[in-house]
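Just below is one structure, and these are the notes that go with it.
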Amino acid sequence: MRKFILVTVILVWWLPWGYAADRCSPQPRVVVEGQLVEIRHPIALIKGENGQIYRIRLGPYWFWKERGYHLREGTRVKVVGIQKGKLIFPIAIETPKTRLFIRDECGLPLWRRKP
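Sequential numbering from 808 applies to the sequence shown in our numbering.
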């Protein structure tokens, strides 16, 4: 019985950590620098320095409002994110004045975090 309890306690303690580690596998990052040409939540368009248009998935408007985040068309930005298909999911967006954090290092949206 003691062995069973010990094994159960070890598994209960170890499994959540192992699960979280599996969820956070490193994904290649992309960096896009350019000018915001259009913002229509949840998508922003950036014209890169190479002339290419990039689609950035900003996340829900309520998250931006809650955090006091603002972007303006015409602003130069640097986006570090994860590309999936034609969309870039930003981890951080840097403007000349500030840095906005949208996702954690695993790429998980900050609005889904539990308090």
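Each residue gets a CB set at the ideal place from its N, CA and C atoms; glycine is no exception.
The beta strand (DSSP E) enclosing residue i, as first and last residue numbers
i: Lys-891; result: 883–891
i: Gly-855; result: 850–855
i: Arg-864; result: 860–864
N-terminal and C-terminal residue of the alpha helix (DSSP H) that residue i is part of
i: Tyr-868; result: 868–874
For residue i, three-class secondary structure by DSSP
i: Arg-910; result: strand
i: Leu-894; result: strand
i: Arg-847; result: strand
Anticipated Cβ contact below 8 Å, residue i with residue j, distance rounded
i: Ile-889; j: Arg-836; result: 7 Å
i: Gln-842; j: Ile-853; result: 7 Å
i: Ile-895; j: Ile-846; result: Between Ile-846 and Ile-895 the Cβ distance is about 14 Å, and since that is not below 8 Å, they are no contact.
i: Pro-897; j: Arg-883; result: Not really, about 15 Å apart at Cβ, beyond 8 Å.
Burial state of residue i (16 or more Cβ within 10 Å)
i: Leu-917; result: exposed
i: Gly-855; result: exposed
i: Leu-910; result: Leu is not the amino acid found at residue 910; the sequence shown has Arg there. Counting Cβ neighbours within 10 Å, Arg-910 comes out buried, since at least 16 surround it.
i: Pro-849; result: exposed
i: Leu-915; result: exposed
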